[in-house]
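Shown next, in structure tokens, is the structure this report addresses.
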Amino acid sequence: MSGDKILSVDRLAMRFGGIVAVQDLSFAAERKKITALIGPNGAGKTTVFNCITGFYKPSGGAIRLTHDDGRTIALERLNDFRIAKQAKVARTFQNIRLFPGMTALENLMVAQHNALMRASGFTFLGLIGAPGYRDAEKRAIDLATDWLRRVNLLDRADDAAGNFAYGDQRRLEIARAMCTEPALLCLDEPAAGLNARESAALSALLLSIRDELGTSILLIEHDMSVVMEISDHIVVMDHGVKIAEGTPREVRDDPKVIAAYLGADEEEAAAVMEGGS
Amino acid sequence: MDYFTQQLINGLVLGSIYGLIAIGYTMVYGIVGMINFAHGDVFMIGGFIALITFLILISFGLTAIPLILLVVLLVSMAITALYGWTIERIAYRPLRHSFRLAPMLSAIGMSFVLTNYSQVAQGARVKPIPPFITGGYTLHESTDGFVIQLSNIQIMVVVTTVVLLALFTWLVSRTRLGRDMRACEQDQTMAALLGVDVDRTISMTFVIGAALAAVAGLMYLLYYGTVDFFMGFVAGIKAFTAAVLGGIGSLPGAMLGGLAIGLIETFWSAYFSVGYKDVAAFSILIVVLIFMPTGLLGRPEVEKV
Amino acid sequence: MKAKPGIPSILKTAFINALVALVLFSLMVGIRTEAGASGQLTYWTRFGELASLVGAVFGGSIVIELLRQWIGPTGAENLVPPAVKSGMSFIGRYLAPALLIFTLLVPVIFYDQRYILDLAILVLTYVMLGWGLNVVVGLAGLLDLGYVAFYAVGAYSYALLATNFGWSFWVCLPLAGILAAFWGVLLGFPVLRLRGDYLAIVTLAFGEIIRLVIINWQDLTGGPNGVSGIPRPSFFGIPLDNSDDGLAAKLDIEYSPTHRIVFLFYLILALALLTNWATIRLRRLPIGRAWEALREDEVACRALGINTTTTKLTAFATGAMFGGFAGAFFATRQGFISPESFTFQESALVLAIVVLGGMGSQLGVALAALAMIGGFELFRGLETYRMLVFGMAMVLIMIWRPRGLIGHRAPTVYLTKAKAISSDLVKEGHG
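Residue numbers (my numbering), protein chains in the order written: chain L, 1 to 277; chain X, 278 to 582; chain W, 583 to 1013.
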């Protein structure tokens, strides 16, 4: 494949004890495009995500992130919070991890922690109420407000996130990830548990993130209607290895993909074949 | 070398007592996931009940020491077990599905209650008993006159611990109760769905833990010859340290941790300074946890994302 | 719905409870042992006391069972009618300012009552300790069972610096805070990656280590005998005594020992209010929000690029610093300190204040300190029964209100309206 790659995964391997979760996996995600990672349950998709976002240290292979300015970062060498902070990779979680006892607005403010920490002079300037910090906080609130409006939760800004309906929590988590102003947004099954109307709204949101803000997106998803509709490129995994990749149309017609899904689950296979058409 | 061997013996005996208490901590933690802060005081109560039973039996004119020991052991285990059961019913069961800190505070409160109950009921002064089990063996006598002693009471403590540990391992691995306990440890909801009486199993855990603490209390009484109302706190902390050191939730770990703490304490006292022996034990706890966050034999925690 | 138990079943329950009590108390209460003059143990029976205790359990069980029938299974929460609840929220809004004004006036109202002034100083000391620990436990969700160690570091820092070098309280006060924070970082750095109860036990061990070192390092700390002759604080350099240079002489008023007490009162009040101000302020800064986010979900924090280690460390150090200030105040107020003041019971007491107050709530912590220390004083006459009652109260309070007195969290920033968040949603953290 051609084009400007933001993320390239090269021969990634991840083993837990004797269990091989991911092996010899190579793929790339293009800049300002939506790349989907699909595959049957247990294919190793979330493991790949955890390697990219620093929650696991890969057993082998390389993960390179190239920023707009050409700066390249080896993600497998960064750990933990540094991936989000320095490499600007943001993520959401399969089982939603909001701060349930904090309001929606507070959730989005926490996401801007690093920028605000600098503005508050690492707390000291903020403690004495320096005007520079107050401006920065105002800007942070504006950014958060903007995102709450985009995900259609502005009227619930002051409600505790734990009280939100499932679909609202999913959108809030995406908004929170976006408030870190990431170069690459990684979404782990963003459409899981959403109804048809909410899925459609999610598709629109992700397309607007790509088109209006030019943020690259990497997503894991089971909902094929979403994947087929919005993805520019699809990588298919099964049993820890890549079995196919290409455009939605190519992947849909690939016999290997159909076989993998048929072998796994008939319903899902049917979804692959019908999805997007 | 002789001095070393003697200290090794002393350390193992002390470690056995800590290990017996630590099992109670580790069992409760495994099943309910809480630090039973009152457990050290249950040990203290066990010691007191043993002391009082001794006194009564002797005043009745009993002289057969094996018989006295047996009666004391059974009475002390039975009554202390009832204490364990009652504590769980009053202070922990209402809070079982509550916030994590609530049962911990309740346990600390219960510990204060037991300490001061014992002080009010039996007075603040240290209670000595005359040595019951005397004699022992001289293992080795060196030329400079240093003697390695192995006293009968030391043998008794170690033998009792080994027997109880064997019995207990059998209980957990082979009996229905043990299976229920392991099931509750894994998943209480699922265990309940499969017909395990969770309430009863948890109660039994406290009962067994308290009974073992009572044995430890009796051993302490026989070995040191005294009990007092405050002995539960320090022994409790050290036994808990032992449980954490060994890897909390693991039974062999608790015993291993107990022995480790006993040895550290004894050797530190023997070679460095008595005053700092607890500092040594606690420092080693901190160091071990830094490098092995789940203790010596604990299962490593896999982070779920 | 279960049918309501009849009288026979109530009697049966009560009988069983009484039987359990009989076994429990038989030896511990029924027999009293004492070491005689020659070291020989003697005992005597107390069957009267035993019988009355068992009777009390029997009667108490009947009363509790009957109460349970009246109230129903929903528990004590519903005892309060809604009208009273809304009234309470109205009071709640004005409670904090009213309490503050009253506190400011305490030395005026109770000028002649030395006992009340002393008690008020004690309560304020615990309010400050509670607020300090609240940063660690309530906001950051890190369970610290050795908070008293930092209190001790602060107290000994001031005591030793003042007695050995003659440094004044106002120089030593910040130093005590800094030293305590330094120890907080020193402890925190290796152990803060531990989770949950492991952290709890390590902090407990640390608290004990500090106390044992104080006892054993006799050359420096005086060991169990403690440090005495710690200088009293001066009014910014002017001593508060009966001398010609004293404040009374300078102001040309008659000297009274109460001056010093009143001064100490306002000193601890100022320190406590400083703690409160800083905490409220920090909560609204990114660092404070990160503390709370850490309590809610550490993994999510890391995914957002927050350095969880330094965030935990700052919480730990901030809490320790306030503990250090309080310790320095304690030393100057007492004039004498010894390791006995820094036992695990103190840590437990402060933790109980924080949890009872409702974790994270400043007003709740203040009320809890007042209730606990005040309640503790009420039972002073009972001597040894005091701790017994205290322990029972801890158990009962936890069963009654596991989330503490103030059961909601106030948001730190809002767009249109600050709405209180129910504590059922707020996490406790796992540290």
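Even for Gly, the Cβ is constructed at its ideal location relative to N, Cα and C.
Just so you know, these numbers come straight off a predicted model, no measurement behind them.
- [ ] Mind checking who E30(L) pairs with in its DSSP beta bridge?
- [x] K5(L)
Open item on the list: So, for N858(W): in the same chain, excluding its five sequence neighbours on each side, which residues have a beta-carbon less than 7 Å away from its beta-carbon?
Closed with: W713 and Q944
Open item on the list: Taking CB distances under 9 Å as the criterion, tell me whether D694(W) reaches chain L.
Closed with: no
Open item on the list: So for S395(X), helix, strand or coil by DSSP?
Closed with: helix
Open item on the list: Relative to the C-alpha of H67(L), which candidate in Q169(L), L185(L) and F122(L) has its C-alpha closest?
Closed with: L185(L)
Task: Residue from R171(L), E250(L), R249(L) and A177(L) with nearest C-alpha to G887(W) - done: A177(L)
Task: CA-to-CA distance, V349(X) to V492(X), given in whole angstroms - done: 10 Å
TODO: Would you please verify whether the beta carbon of F788(W) is less than 9 Å from any beta carbon of chain X?
DONE: yes
TODO: State yes or no: is the beta carbon of Q651(W) nearer than 9 Å to at least one beta carbon in chain X?
DONE: no
TODO: Reducing DSSP to helix, strand and coil, say where K563(W) ends up.
DONE: Residue 563(W) cannot be examined here, being either before or after the span of chain W that is shown, 583 to 1013.
Task: Extent of the continuous alpha helix (DSSP H) run through T891(W) - done: T890 to Q916
- [ ] Quickly, what does DSSP pair S736(W) with across the bridge? List them, please.
- [x] Note that residue 736(W) is Gly in the sequence shown here, rather than Ser. DSSP, once it has assigned bridges, lists no residue as partnering G736(W).
- [ ] With 9 Å as the threshold, decide whether the Cβ of A763(W) is near any Cβ in chain X.
- [x] no
Task: Where the beta strand (DSSP E) through K242(L) begins and ends - done: V241 to G246
Task: Span separating the alpha-carbon of A28(L) from that of K5(L) - done: 6 Å
TODO: Closer than 7 Å by C-beta to I541(X): which residues in its own chain qualify, once you throw out the five before and the five after it? Chain order, please.
DONE: A557, A558 and I561
TODO: Out of K404(X), S395(X) and P529(X), state which residue places its alpha-carbon closest to the alpha-carbon of A619(W).
DONE: K404(X)
Task: Own chain partners of Q112(L) with C-beta closer than 6 Å, once the 5 adjacent residues on each side are dropped - done: A140 and C179
- [ ] Using a Cβ cut-off of 8 Å, pull out every chain W residue sitting near I326(X), in sequence order please.
- [x] L609 and M610
Task: C-beta atoms of N313(X) and A384(X) nearer than 9 Å - done: yes
Open item on the list: Against chain X, does L970(W) count as a neighbour if the rule is that its beta carbon must be under 9 Å from one of theirs?
Closed with: yes
Task: Boundaries of the beta strand (DSSP E) in which V236(L) is found, first to last residue - done: H233 to D238
- [ ] Using a cut-off of 7 Å between C-beta atoms, extract the partners of R614(W) located in chain X.
- [x] Q399
TODO: Name the one or two DSSP bridge partners that G292(L) has.
DONE: Lying outside 1 to 277, the shown extent of chain L, residue 292(L) is not represented and no answer is given.
Task: Rounded straight-line distance, which links the Cα of E30(L) to that of P248(L) - done: 15 Å
TODO: Determine the direct distance from the alpha carbon of V9(L) to that of I52(L), and round the result to whole angstroms.
DONE: 9 Å
Task: Cut-off 6 Å between Cβ atoms - residues of its own chain near Q465(X), not counting five sequence neighbours on either side - done: V475
Task: Backbone CA spacing between S546(X) and I538(X) [nearest angstrom] - done: 12 Å
Task: Neighbouring residues, chain W, relative to I141(L) (Cβ below 8 Å) - done: V995 and L997
Open item on the list: Closest to T840(W) by C-alpha separation, out of L856(W), D834(W) and D823(W), would be which residue?
Closed with: D823(W)
TODO: State the Cα-Cα distance for the pair F99(L) and A1002(W), rounded to the nearest angstrom.
DONE: 15 Å
TODO: Go to A490(X), then tell me how far its beta strand (DSSP E) extends in each direction, as first and last residue.
DONE: Run containing A490(X): none in the beta strand (DSSP E); it sits in the alpha helix (DSSP H), V475 to Y501.
TODO: Identify the continuous alpha helix (DSSP H) that holds L185(L) and give its terminal residues.
DONE: It is not in any alpha helix (DSSP H) - L185(L) instead sits in the beta strand (DSSP E) that spans L184 to D188.
Open item on the list: Counting C-beta neighbours from all protein chains within 10 Å, is the total for S665(X) 16 or more, i.e. buried, or is it exposed?
Closed with: Residue 665(X) is absent from the structure shown; chain X starts at 278 and stops at 582.
Task: Segment limits, beta strand (DSSP E) that includes Y414(X) - done: G413 to E418
TODO: Within the same chain, show all residues whose beta-carbon is closer than 7 Å to that of K32(L), passing over the 5 residues directly before and after it, in chain order.
DONE: R210, G214 and S216
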